[in-house]
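Engineer: Have a look at this one.
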Amino acid sequence: MSGCLKGTLITLLFLYILYFVLSNVRLVNGSNKCTGSVELYQNERQMCWGRPCQWGTICDDEWGMSNTEVVCRQMGCGHGLSFGSEFGAGSGPIWLDDVVCTGEEDAITQCSHQNYGDNNCGHSEDVGIVCSGKQTPFVWKKVVVICMVLIRLSDIDTGFPVCRKCCQATCISEPGSRGKLRCEWPSANGLNGVAQT
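Here the sequence shown stands for residues -30 to -1, 1 to 167, where the numbers follow mature numbering (1 follows the signal peptide of the UniProt record, and there is no 0).
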């Protein structure tokens, strides 16, 4: 197996674990993994307020499209299309209430909200969302991390092909750089990423 392919597979496996397996959010009672009631799992070394850590719901008070966008992005499910309570009442604890996101957060738990477990809701107010289901390209900071890792691996291997193939970057060796590469790539938000080996 070539160094480029091996490095790419290791990086993709790491990202899969980081963003999907370890995710503490899921959508249930929908027609696919990108629609349904939003549930949150309390597993971050917390006592879960005297109860066993478990999946619980999020109340729809103050919920808006910015919140929907954050969860869809966190789940790798594209953009938010709608929200409501059409997926039915959940069970277990209601973990979050009065959640307000700006839309820039990476995870729903980064948005402002009441203390975990504090709410004035019933399960008839459990929020559900519908996402586009289309995978969104990695956002700027994630692309930087991926490319930096691959470029670093490329120092051991061949350098130029790894950067170009794995990041779809344009790589050039600048005058006087002693063989070092400067790689640039487009990102989802229109900014260009730049890295050097």
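Backbone N, C-alpha and C define an ideal beta-carbon position, used for all residues, glycine too.
Taking all protein chains shown into account, decide if threonine 72 is buried (16 or more other Cβ within 10 angstroms of its Cβ) or exposed.
Structural biologist: With fewer than 16 Cβ atoms within 10 Å of its Cβ, threonine 72 is classed as exposed.
Engineer: Taking glycine 6 as the reference, give the member of Gln24, Gln12, Cys23, Ile28 with the closest Cα.
Structural biologist: Ile28
Engineer: Can you tell me which of Gly58, Met35, His49 puts its alpha carbon nearest to the alpha carbon of glutamate 9?
Structural biologist: Gly58
Engineer: What do you reckon, are the CB atoms on isoleucine 64 and asparagine 89 nearer than 8 Å?
Structural biologist: yes
Engineer: Give me the Cα-Cα distance between glutamate 56 and cysteine 81, rounded to the nearest whole angstrom.
Structural biologist: 23 Å
Engineer: Quick check on this structure: which residue in Asp76, Val100, Cys4, Trp33 has the alpha carbon closest to the alpha carbon of leucine 66?
Structural biologist: Trp33
Engineer: Quick one: Cα of isoleucine 99 to Cα of serine 1, how far?
Structural biologist: 11 Å
Engineer: If you follow the alpha helix (DSSP H) that glutamate 39 is part of, which residue opens it and which one closes it?
Structural biologist: 35 to 45
Engineer: For glycine 54, which of Val97, Gly46, Cys91 has the nearest alpha-carbon?
Structural biologist: Among Val97, Gly46, Cys91, the Cα nearest to that of glycine 54 is on Val97.
Engineer: Is cysteine 4 closer than 8 Å to histidine 49 when the C-beta atoms are compared?
Structural biologist: no
Engineer: Does DSSP put threonine 27 in a helix, a strand or coil?
Structural biologist: In this structure, threonine 27 counts as strand in the three-state DSSP scheme.
Engineer: Would DSSP call isoleucine 64 helix, strand or coil?
Structural biologist: strand
Engineer: Drop a sphere of 10 angstroms on the beta-carbon of isoleucine 116, count the other beta-carbons inside from all chains shown, and report buried for 16 or more, exposed for fewer.
Structural biologist: Caution applies to isoleucine 116, whose pLDDT of 41 falls short of 50 and renders its modelled position unreliable; the model cannot decide the point.
Engineer: DSSP state of serine 94, grouped into three classes?
Structural biologist: helix
Engineer: Quick one: grab the DSSP three-state call for phenylalanine 57.
Structural biologist: Of the three classes helix, strand and coil, the one that applies to phenylalanine 57 here is coil, per DSSP.
Engineer: On a CA-only basis, which of Asn(-2), Trp25, Gln44 is nearest glutamate 75? Give me that one, please.
Structural biologist: Gln44
Engineer: Rounded to a whole number of angstroms, what is the C-alpha to C-alpha distance between aspartate 30 and serine 94?
Structural biologist: Distance between aspartate 30 and serine 94, taken at the CA atoms: about 9 Å.
Engineer: Tell me the residue span of the beta strand (DSSP E) that contains serine 7.
Structural biologist: 5 to 11
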